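Below is one structure; the comments refer to it alone.
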Amino acid sequence: MTDCCVEYGCPRERNTKTKQQGTAFHNMFGAVVVGMGTAGSVRIRDMLAPLPGSTAEKFAVKGFVSRRSLETQQGVSQIPVEEALSREDIHVAFICTENASHEDNVRMFLQAGKHVCVEYPMTTNNKTAVELWDLAQEKGVILHEEHIELLTEDYNQLKREIEGKILQEGTLHFTGGPLKPGFGFPAFSGIARLTWLVDLFGKLSVTAATLEEDSAKSYSKMTVKLLTSENRPLTWIEERQPHLPRSKNIHFQFESCSLTQIPSVPRGKVGLFMQDLIHFSAKLVGQVIPDESQREKVRILHCLELADTIQQLCQS
Ligand code: NAD
6 MTDCCVEYGC
16 PRERNTKTKQ
26 QGTAFHNMFG
36 AVVVGMGTAG
46 SVRIRDMLAP
56 LPGSTAEKFA
66 VKGFVSRRSL
76 ETQQGVSQIP
86 VEEALSREDI
96 HVAFICTENA
106 SHEDNVRMFL
116 QAGKHVCVEY
126 PMTTNNKTAV
136 ELWDLAQEKG
146 VILHEEHIEL
156 LTEDYNQLKR
166 EIEGKILQEG
176 TLHFTGGPLK
186 PGFGFPAFSG
196 IARLTWLVDL
206 FGKLSVTAAT
216 LEEDSAKSYS
226 KMTVKLLTSE
236 NRPLTWIEER
246 QPHLPRSKNI
256 HFQFESCSLT
266 QIPSVPRGKV
276 GLFMQDLIHF
286 SAKLVGQVIP
296 DESQREKVRI
306 LHCLELADTI
316 QQLCQS
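Start counting at 1 in the sequence shown, then tack on 5, and there's your number in my numbering.
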């Protein structure tokens, strides 16, 4: 079982009751899933068995696209990418490939006038992310970037505990196994951790960043020094090596107390990808106020801009 299966629920473990594909709902959004890895399988699973009564019921999965030639997945057939781009009954694409090919896929589906939900990070550089948002606006479609790390129960408890406290300094140290090729520079593949810091402490700036690597041991450690807008220092470490346990360690020093552990809270009833699906579909049906979408966009672009700066500093 992979890390993802453990953390987010394996697609093979669920889905006993499935929705008939292409049912005669009005105003349904025909959807295609691009990239048939862990995330792509979860997207199909969730669209086939959406949370009853939620806007996630608005999706009708029409097929999946893969570079490999695959058999039917969970009852869904593979279709060529050209078909996915041109079919009028396909309105939405879920981009679930490895990070390096997000950009091209997102652009292609936006160009074709489809709404896009892309797994984080949208791109592996900031400039193209700005271009893609502009393209979505020009085409009048929704561009949504998944951020399930903001939806976990433990994160939300941590955020509640931090609220109102005055930070003096802090560290977020992530450890995990090595990534497969195509997931990009650590500042981008680890954008979920950076997003936590930005969501907790607001706009940040980068003061220093280094990357230690030992390819013989598949070891990498990125250390980033950040400052909050109140000039409080934060350190973000991304460390990967075979057999390193996947975990996040925190040490946040506030004026009143320190927090050294992420609260341990039971998982919620609704899966993280399902929550994201509901959020995306709510945007499609106009239930998310533009201010909220704008705040998300600003946060996403700020994180990608920081990731860009971090990469440049590490490579200079
Ligand atoms: P994955 O390694 O399972 O799949 C990535 C890509 O590799 C997919 O395009 C898939 O089709 C392809 N692939 C998988 N197995 C293959 C094989 N045997 N041969 C050839 N190609 C193969 O990665 P993933 O976990 O699904 O991640 C995809 C995206 O989702 C990434 O952008 C990631 O950051 C994001 N994401 C994943 C999770 C998660 O829990 N898995 C959580 C948040 C975000």
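Don't be surprised by glycine CBs; every beta carbon is placed ideally from N, CA and C.
All values derive from a computational prediction rather than experimental measurement.
Handout entry: Best match in 75, 68 and 57 for proximity to residue 84 [C-alpha to C-alpha]
Key = 68
Exercise for the section: Just the C-alpha distance for residue 219 and residue 75, rounded to the nearest angstrom, thanks. Expected result: The alpha-carbon atoms of residue 219 and residue 75 are separated by roughly 36 Å.
Practice task
Please list, in chain order, all residues of the same chain as residue 190 whose beta carbon is under 6 Å from its beta carbon, the five residues on each side excluded.
Solution key: 316
Practice task
Identify the continuous beta strand (DSSP E) that holds residue 166 and give its terminal residues.
Solution key: Where residue 166 is concerned, there is no enclosing beta strand (DSSP E), although the alpha helix (DSSP H) it sits in stretches over 158-167.
Exercise for the section: In angstroms with no decimal places, state the Cα-to-Cα distance between residue 295 and residue 203. Expected result: 20 Å
Handout entry: Run of the beta strand (DSSP E) containing residue 254, from where it starts to where it stops
Key = Unbroken beta strand (DSSP E) run through residue 254: 252-259.
Problem - Secondary structure, alpha helix (DSSP H): runs of 4+ residues fully inside the stretch 37-113 - result: Complete alpha helix (DSSP H) runs here, min 4: 43-53 and 86-91.
Handout entry: Span separating the alpha-carbon of residue 159 from that of residue 222
Key = 32 Å
Practice task
Indicate whether the contact test is met: 3 or more Cβ pairs, each with one atom in the stretch 91-105 and one in the stretch 120-131, closer than 8 Å.
Solution key: yes
Handout entry: residue 125 beta carbon less than 8 Å from that of residue 151
Key = yes
Handout entry: When 228, 216 and 210 are compared against residue 237, the one with the closest alpha-carbon
Key = Taking the Cα of residue 237 as reference, the smallest distance to any Cα among 228, 216 and 210 is reached at 210.
Exercise for the section: Kindly provide the ranges of any alpha helix (DSSP H) runs that are 4 or more residues long and lie completely inside the stretch 255-293, ordered along the chain. Expected result: 277-289
Handout entry: Touching by the beta-carbon criterion (3+ pairs, under 8 Å), the stretch 285-293 and the stretch 181-199
Key = no
Handout entry: Of the residues 39, 148, 262 and 96, the one placed nearest residue 82, counting alpha carbons only
Key = 39
Exercise for the section: State whether the stretch 107-120 contacts the stretch 172-182, with contact taken as three or more CB pairs (one from each stretch) at a distance under 8 Å. Expected result: no
Handout entry: Cβ-based burial, residue 110 [other Cβ within 10 Å; buried from 16]
Key = buried
Problem - Residue environment, residue 157, which counts as buried when at least 16 other CB atoms sit within 10 Å - result: buried
Practice task
Give the range of the alpha helix (DSSP H) segment to which residue 126 is assigned.
Solution key: That residue, residue 126, is in no alpha helix (DSSP H); it is neither H nor E in DSSP.
Handout entry: 8 Å Cβ cutoff met for residue 290 and residue 60
Key = One thing to note: residue 290 has its Cβ within 8 Å of the Cβ of residue 60.
Handout entry: Cβ distance (whole Å) where residue 278 is taken to contact residue 51 below 8 Å
Key = 5 Å
Problem - Cβ-based neighbour list, residue 265, same chain, cut-off 7 Å, excluding 5 preceding and 5 following - result: 255 and 256
Handout entry: Boundaries (first-last residue) of the beta strand (DSSP E) holding residue 149
Key = 148-150
Problem - Contact test: residue 71 Cβ vs ligand 1 heavy atom, cutoff 7 Å - result: yes
Practice task
Verify the contact flag: residue 149, CB atom, against every heavy atom of ligand 1, threshold strictly below 7 Å.
Solution key: no
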